[in-house]
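If you read the sequences in order, they're chains Y and G.
Everything in the first sequence is counted per numbering that gives the first Met the number 0, starting at 0 for the first residue and increasing by one.
Everything in the second sequence is counted per numbering that gives the first Met the number 0, starting at 0 for the first residue and increasing by one.
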Amino acid sequence: MTAEFGQFALALALGLSLVQVLLSVVGRVRRNAVLTGAGEGAALAAFACIAIAFGCLIWAFVSSDFSVTNVAENSHTEKPLIYKIAGAWGSHEGSMLLWCFALTGYGAAVAHARGLPWSLKALTVATQGALGVLFIGYMVFASNPLLRLAQPPIEGRSLNPLLQDPALAAHPPFLYAGYVGLSVVFSLAVAALIEGRIDAAWARWVRPWALAAWSLLAVGITLGSFWAYYELGWGGWWFWDPVENASLMPWLTATALLHSAVVTEKRGALAAWTAFLAICAFTLSMLGAFLVRSGVLTSVHAFAVDPKRGLLLLGILGVAAGTGFGLFAWRAPLLKDQSAFAPISRESTLVFNNIVLAAVTTTVLAGTLWPLILDALGKQGGVGAPYYNLVVGTLMAVAFIILPAGPLLPWKRGDALGVSQRLTVAAGLALVAGLAVFALVEPRKAVASIGVGIGVWLIAGAVTEIVERAHGFRAPWAESLRRLKSLPRGAWGMSLAHFGLGLFVMGAAYEGAWKIESTEVLTAGGHLNLGAYHLTLDGVTDRLGPNYDAQHGVIRVTDAAGALVCEAGPERRTFATGGQTTSKVAICPKGLDDIYIVLGERRVADGGGASSWLVRSYVHPWVHLIFLGPLLMALGGALSLSDRRLRLAPGRRREALA
Amino acid sequence: MTARRMALIFGALLCLAAEADPAERLADPAAEARARALFQETRCLVCQGQSIDDSEAPLAHDLRQIIRGQIAAGHSPGQVRAFLTARYGDYVLLRPPLSPANALLWAGPFLVGLLGLGLLFGRYRRANATPPLSSDEAERLAALESDDGPRQSGK
């Protein structure tokens, strides 16, 4: 019964979303607050219905109801409970339900939000409802997660073992909360364009939604990257895979949006550009969903496997993005840009940030779509990591060099000399760090040393910003401390995010350049050298896991002095259902570094002697910074979000600022 | 997620199938390093966007052996690349070469950046230049400067 109940709830949610659009639009046109209020009610009800349907699907997974197609294809009775639940969003259909859950959830949150002007809110709720109609309609008619099987199997086909992992169970909810959070920004832009008014107040309403989506997306991407790092056992953390790119593009655009919204909020400038970014950000989210879901990029042929769904998603993308960009082209010329600014000013640095982020997003988009473009021309081709690393690295480096100056510059017109004086210490530290790395780390690598220097520059710049705000070293200590305590959370959030970015840049530059790898075939008792470490294979035993059999290796890691660093236990796991083999990587954290060990296949010697195993090992220096950095950035976003100034009405806000 | 998962799982399975055999390495570490650098920019044609350095598909293995052989025979990396593209086309290179067909790919991001900078500088110039009077404003100014009021000036 639950599956049918869920299906009914889905259909009801579709109807309610339609009602939400109609009531909100008619209410707005007739200036009738009762009708728009009813539209908001419909938004809440649609969310409740989707939540019920989602609950039904999770219940079907938890209770292993294999009469539901989706459960039969993606679950198994022997699977641990957490992965039964996570299986609910492990498939195409289930993840679309998660998407709609987030979409209607945000719709309900907007309907519930206070402080928005009545007319803008009505149109925002209407747009959110229209998006709901598109996506819920797609789910009900083309991708229903709760369909029944005529002849249910006794056992399910199970979720792929590589996906049975805590980081990956949490990855889609964060990612989708981020992707779909950008729908609110999109709806606000569409509504404001229809109303013909984009001003400082609008930018202030956009900012909390953009901040929330940006932070959640950052966590989602980091979790995915972390999963790829420790679960796949390839020794890398970012592969410029089309699907990774699909998640990176909306995040880059949201980053640009956050910065341009600040200019619109504080100076009333760049209104049209901010609206454009708001539309772009969610369009790229939808493009990501389309690229991933249709399989069009994995292989051009996979598209033919299910052309109906791919085309439908493309249609949804076309309708939503076309409407957004069409409205923009029509209404944006009406928007006035009120304020001027000098080349040396905070506005200029923020615009520069936007230019670079636009260029980087173009790079990722062009690289991701290049195979499709070439295919349309009848050629074959594509780009890989070397292209992205070179172009994205070069562009970002330029932006990073400017970045610390931004927060130190005043609005409108600044003084280049004054800013350079205040950044002298930061620049000195960056230079020393870069030179030290260049001189001390073997083998010498100039570009990576510059990268580490830029990371230190960002970190020192973020600290300088806080010190400057507190009048550190200029005012008495007590005074500085008092100022520090009264700094708004937004300022802490920004500096923390820039600090995290610096950590990430340091880690990425260092790890990329000085990763060490060593692979040998070892018999029990054999050893290999990995940089300064010494690895000894003590032996390999068989072990039983909850739903797999494992070969468990014991590897002792010692340092140059012979002292034990750790005892690692990498495994090769064979899953009974599906017969797949996966690697369980053993990771020994050592300071900021990881010693990363993979147990490979068993080799039986020809003469029938002792068997041996392939052991792949890496040292990933400073790799912890790569994952810590983005998490600090997300934390900075959350801190900024908690700033009470964001929640005050404009009039009262001016008082709070004074 | 499905496509990515499929891609990654597919790749991971290939990875497990047969791992890089230390026995196949070239004896000269410098030559091996040159070969390795080439592996990293050569596409494994049957895998999902992986280089032959990452992939353990049989084709990747064969390509590694061919490249090692050529490096050992004293060919330069440029010659090896030329050999690979002659055999498989540009597709085999993960870093697309600078060619007319790829011009847009390489130049596109920088063009977007330059366009943005151009717009920004246009804005500075507009802000600096005092806008000339519109015909309406000029007329009103003329009317104010003459003794007559604006209505009489229209005669």
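Ideal Cβ placement from N, Cα and C applies to all residues, glycine included.
Since the structure is predicted, the reported quantities are computational estimates derived from the model, not experimental observations.
Taking a Cβ-Cβ threshold of 9 Å, the residues of chain G close to Leu394 of chain Y are Pro108, Phe109 and Gly112, in chain order. Residue pairing from DSSP places Lys589 of chain Y in a beta bridge opposite Y:Asp592. For Gly380 of chain Y, the closest Cβ of chain G is nearer than 9 Å. Thr518 of chain Y is positioned such that its CB atom lies closer than 9 Å to that of Arg615 of chain Y.
For Leu83 of chain G, no Cβ of chain Y is located within less than 9 Å of the residue's own Cβ. The stretch 358-366 of chain Y makes contact with the stretch 104-123 of chain G, as at least three CB pairs between them are under 8 Å. From the listed residues G:Arg33, G:Asp135 and G:Cys43, the smallest Cα separation to Arg67 of chain G is found for G:Arg33. Contact annotation: Leu502 of chain Y and Gly628 of chain Y have beta-carbon atoms nearer than 9 Å.
Ala42 of chain Y places its beta carbon 9 Å or farther from that of Gly26 of chain Y. Residues of chain Y whose Cβ lies closer than 8 Å to the Cβ of Leu104 of chain G are, in chain order, Ala365, Gly366, Trp369, Val382 and Tyr386. In the structure shown, the three-state DSSP call for Ser582 of chain Y is strand.
Annotation: Leu93 of chain G is outside any beta strand (DSSP E) and is labelled neither H nor E by DSSP.
Straight-line spacing of the CA atoms in Val291 of chain Y and Met285 of chain Y works out to 10 Å. In this structure, Gln39 of chain G and Asp27 of chain G do not form a Cβ contact; the two beta carbons are roughly 19 Å apart against a cut-off of 8 Å. Contacts between Thr361 of chain Y and chain G, judged by CB atoms closer than 8 Å, involve Gly107, Pro108 and Val111 in chain order. Contact check for Leu624 of chain Y against Ala507 of chain Y passes: the beta carbons are separated by less than 9 Å.
For Gly88 of chain G, the closest Cβ of chain Y is nearer than 9 Å. Here DSSP, grouped into helix, strand and coil, assigns Gly450 of chain Y to helix. Contacts between Ser50 of chain G and chain Y, judged by CB atoms closer than 8 Å, involve Gly383 and Ala384 in chain order. DSSP, read as helix, strand or coil, puts Thr76 of chain Y in coil.
Look at the stretch 348-359 of chain Y: the residues with a C-beta under 9 Å from a C-beta of chain G are Val350, Phe351, Asn353, Ile354, Val355, Ala357, Ala358 and Val359. With a minimum length of 4 residues, the unbroken runs of alpha helix (DSSP H) contained wholly in the stretch 297-361 of chain Y fall at 301-304 and 306-330. Proximity of the stretch 183-194 of chain Y to the stretch 108-120 of chain Y meets the contact definition, three or more beta-carbon pairs being nearer than 8 Å. Between Ala87 of chain Y and Leu56 of chain Y a beta carbon distance of about 5 Å is seen, short of the 8 Å cut, so the two are scored as contacting. Here Arg206 of chain Y has Leu257, Ala260, Val261, Glu264 and Leu645 as same chain residues with Cβ atoms under 8 Å from its own Cβ, once five neighbours each way along the sequence are excluded. Take the alpha-carbon of Gly89 of chain Y and the one of Asn73 of chain Y: they are about 7 Å apart. The contact set of Val390 of chain Y on chain G, defined by CB atoms closer than 7 Å, consists of Pro108 in chain order. Counting along the chain, the unbroken alpha helix (DSSP H) around Leu210 of chain Y starts and ends at Ala199 to Glu230. Excluding sequence positions up to five before and after Glu467 of chain Y, its CB lies within less than 7 Å of the CB of Leu407 and Arg421, all in the same chain and listed in chain order. For the stretch 216-249 of chain Y, the residues whose beta carbon sits under 8 Å from a beta carbon of chain G are, in order, Ala227, Leu231, Gly232, Trp233, Gly235, Phe238, Trp239, Asp240, Pro241, Val242 and Glu243. Runs of the beta strand (DSSP E) spanning 3 or more residues and lying entirely within the stretch 503-566 of chain Y occur at 515-522, 526-529, 532-543 and 547-557, in chain order. Across the set Y:Gly530, Y:Glu194 and Y:Ala125, the C-alpha of Y:Gly530 shows the shortest separation from the C-alpha of Val440 of chain Y. Looking only at Y:Glu566, Y:Ile594 and Y:Leu598, the smallest Cα-Cα distance to Thr580 of chain Y is reached by Y:Leu598. Your pair Ser224 of chain Y and Trp236 of chain Y checks out as a contact, with CB atoms roughly 5 Å apart and the cut at 8 Å. One thing to note: Leu283 of chain Y has its Cβ no nearer than 9 Å to the Cβ of Leu145 of chain Y. Here DSSP, grouped into helix, strand and coil, assigns Glu31 of chain G to helix.
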